[in-house]
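> Can you read through this structure? Questions will come right after.
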Amino acid sequence: MTSDASAFYFPAPRAQRFCSQCGTPISQIVPPDDNRLRDACGRCGAVHYQNPRNVVGVLPIWQDKVLLCRRAIEPRYNTWTLPAGFMELGETTAQGAMRETQEEAGAQIELGSLYTIIDVPHADQVHFFYLARVLSPKLYPGPESLDARFFGLDRIPWDELAFRTVATTLEHYMADVSEGSFPMRHYDIGSPVPTTPV
Ligand SMILES: [Zn+2]
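Heads up: the sequence shown runs through residues 0 to 197, numbered per numbering that gives the first Met the number 0.
Structure below.
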């Protein structure tokens, strides 16, 4: 047993400082037959590839209302989001979306079709949102949520939404409700417009 348990835990930055194979400090090189800089170990030769992460979630509907969760975690603490989170190893996108809904809202849902696929290259992420039907109005928000509630489409807190992928997915849904059809959409979200330096 060691007694060096941290007082708190946080997601480590993606960039690694040391080789996970041998502990040598990482350097950036273009490996043979590759075409871009990679984090690599000059001692043992391990190349530490980094690839985009998948965020999976749902747009859950209960009697014409949308289920949103108020985030209890950073980033975007205290803002409203669709249930969503990072896909875990060994699960499908659908399983991940169901799991996140259970963890964040405690909601029973029936998963529908894939609705939005959103590339977010500046965050090195791809977001997937499924349509879902909520089976019971009973919600049991988990520790990642301050609250979970149903919002009428005319009551969506647009100014307090956590992420642009959430906002654009809801915007598409509003438009599709008017049209009565819900085609899958694939689009990308660019970098936020930089603010003028002061
Ligand atoms: Zn190494």
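We treat Cβ as the ideally placed atom computed from N, Cα and C, and that holds for glycine.
Note that the structure is a prediction, hence the values are computed from the model and not measured.
How is residue 186 classed by DSSP in three states: helix, strand or coil?
strand
> Can you give me the C-alpha to C-alpha distance between residue 70 and residue 100, rounded to a whole angstrom?
13 Å
> Specify the secondary structure class of residue 63 as computed by DSSP and reduced to three states.
In this structure, residue 63 counts as coil in the three-state DSSP scheme.
> Assuming residue 165 is part of the alpha helix (DSSP H), what are its boundary residues?
163-178
> Is it buried or exposed for residue 22, if we count other Cβ within 10 angstroms and need 16 for buried?
exposed
> By a C-beta neighbour count over all protein chains shown, 10 Å radius and 16 as the cutoff for buried, is residue 151 buried or exposed?
exposed
> Rounded to a whole number of angstroms, what is the C-alpha to C-alpha distance between residue 117 and residue 185?
6 Å
> Any chance the CB of residue 42 is under 6 Å from a heavy atom of ligand 1?
yes
> Candidates 124, 161 and 146: which alpha carbon is nearest residue 50's?
Answer by Cα proximity: 124.
> Taking its Cβ as the centre, do 16 or more other Cβ atoms sit within 10 Å of residue 86, making it buried, or is it exposed?
buried
> Quick one: does the C-beta of residue 20 sit closer than 6 Å to a heavy atom of ligand 1?
yes
> Quick check on this structure: which residue in 173, 46 and 14 has the alpha carbon closest to the alpha carbon of residue 154?
173
> Within 10 angstroms of its Cβ, does residue 79 collect 16 or more other Cβ (buried), or is it exposed?
buried
> May I have the straight-line CA-CA distance separating residue 197 from residue 65, to the nearest angstrom?
With a pLDDT of 46 at residue 197, under the threshold of 50, the predicted position of this residue should be treated as unreliable, though the coordinate-derived value follows. Rounded to whole angstroms, residue 197 to residue 65 spans 39 Å at the Cα level.
> How is residue 197 classed by DSSP in three states: helix, strand or coil?
With a pLDDT of 46 at residue 197, under the threshold of 50, the predicted position of this residue should be treated as unreliable, though the coordinate-derived value follows. In this structure, residue 197 counts as coil in the three-state DSSP scheme.
> Cβ of residue 61 within 7 Å of Cβ of residue 176?
no
> Which class does residue 153 belong to by DSSP, given the choice of helix, strand or coil?
coil
> Excluding the 5 residues preceding and the 5 following residue 15 in the sequence, name in chain order all residues of the same chain whose CB lies nearer than 7 Å to its CB.
25, 38 and 47
> In the DSSP output, what is residue 115 paired with across the bridge?
128 and 184
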